[in-house]
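As numbered in full-length UniProt numbering, residues 1 to 168 make up the sequence shown, in order.
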Amino acid sequence: MKKDKAIILYEEIIRAAKDFDAQYCIGKGGYGNVYKAEPSSGYVVAVKKFHPLHTGRSFLVYKYLERGSLASVLSKNEESKKLDWNKRLSYTMQVTEKCDVFSFGVLALELIVGAYPGEFLSNLSILTAESIPLNNVLDQRLTPPLPEVVNKLVFILKLVVSCFSAVV
Numbered sequence: 001m002k003k004d005k006a007i008i009l010y011e012e013i014i015r016a017a018k019d020f021d022a023q024y025c026i027g028k029g030g031y032g033n034v035y036k037a038e039p040s041s042g043y044v045v046a047v048k049k050f051h052p053l054h055t056g057r058s059f060l061v062y063k064y065l066e067r068g069s070l071a072s073v074l075s076k077n078e079e080s081k082k083l084d085w086n087k088r089l090s091y092t093m094q095v096t097e098k099c100d101v102f103s104f105g106v107l108a109l110e111l112i113v114g115a116y117p118g119e120f121l122s123n124l125s126i127l128t129a130e131s132i133p134l135n136n137v138l139d140q141r142l143t144p145p146l147p148e149v150v151n152k153l154v155f156i157l158k159l160v161v162s163c164f165s166a167v168v
């Protein structure tokens, strides 16, 4: 994406969320608030605006889930099973250029684990791809992934570790 288009998209998301007006807030969490927005593209998106980690605005844009937040969907056994491995992988592929690496890492790990990865976040300084056996982190509510999906999950897990090591 060209820089001009990225700036326009960034500004359009802020405008669609009415500069993160409270009436568009659909959830609050420890790292930020989530807003519902409908940019001119017509797609409804959820925008997680992070509490300031540094100056400037930092947010993550992802597909709006009608059934609630990702955390809400993953916390319910039946709902989480509907979000199979392929759907979870597709969410990691939809992350925009405006997403910072830490946010992407949290989102990707949350999709793999099936819950907020707080335990991993508290051990960032010692986290390596080898220290996280894939079978120990996979959401056990889903059927085991097929070999080609396992390869993608391993790649994403290595990417997650790289994301976290970039901010430690």
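Ideal placement from N, C-alpha and C gives every residue a C-beta, glycine not left out. None of these values were measured; they are calculated from a predicted model.
So what does residue i bridge to, in DSSP terms?
| i | result |
| --- | --- |
| L60 | K48 |
| K28 | N33 |
Throw me the rounded Cβ distance for the residue i and residue j pair, which I believe falls under 8 Å.
| i | j | result |
| --- | --- | --- |
| G32 | K18 | Actually they do not touch by this definition, with Cβ atoms about 17 Å apart. |
| Y35 | V47 | 5 Å |
| D84 | I112 | D84 to I112, Cβ: 13 Å. No contact. |
| L109 | F102 | Contact flag wrong, Cβ pair sits at about 11 Å. |
| residue 171 | L89 | Limits of the chain in this structure are 1 at one end and 168 at the other, which puts residue 171 out of reach. |
Does DSSP classify residue i as helix, strand or coil?
| i | result |
| --- | --- |
| I132 | coil |
| I13 | helix |
| Q23 | helix |
| A71 | helix |
| E148 | helix |
| N77 | helix |
| S162 | helix |
| E66 | coil |
| K18 | coil |
| A115 | coil |
| E110 | helix |
| G105 | helix |
| S90 | helix |
| L121 | helix |
| L83 | coil |
| L153 | helix |
| K98 | Confidence at K98 is low in this model, with a pLDDT of 49, below 50, so its placement is unreliable and the value that follows should be read with caution. Correct three-state label for K98: coil. |
As a quick exercise: from the options, pick the residue whose alpha carbon is nearest that of residue i.
| i | options | result |
| --- | --- | --- |
| L65 | Q23, N151 and L74 | L74 |
| L157 | V106, F20 and E12 | V106 |
| R15 | C25, E38 and K28 | E38 |
| F104 | G29, H51, Q23 and F59 | F59 |
| P145 | N77, K81, K76 and P117 | K81 |
| S122 | K152, R141, N136 and F164 | F164 |
| T128 | I13, L159 and L9 | L159 |
| I132 | L9, F155, K28 and A22 | F155 |
| E130 | V150, V161, V149 and V61 | V161 |
| F20 | S41, H51 and G114 | H51 |
For a test of your reading of the model: does the CB of residue i fall under 7 Å from any non-hydrogen atom of the ligand PLP? Yes or no.
| i | result |
| --- | --- |
| F20 | This structure simply doesn't include the ligand PLP, nor any ligand for that matter. |
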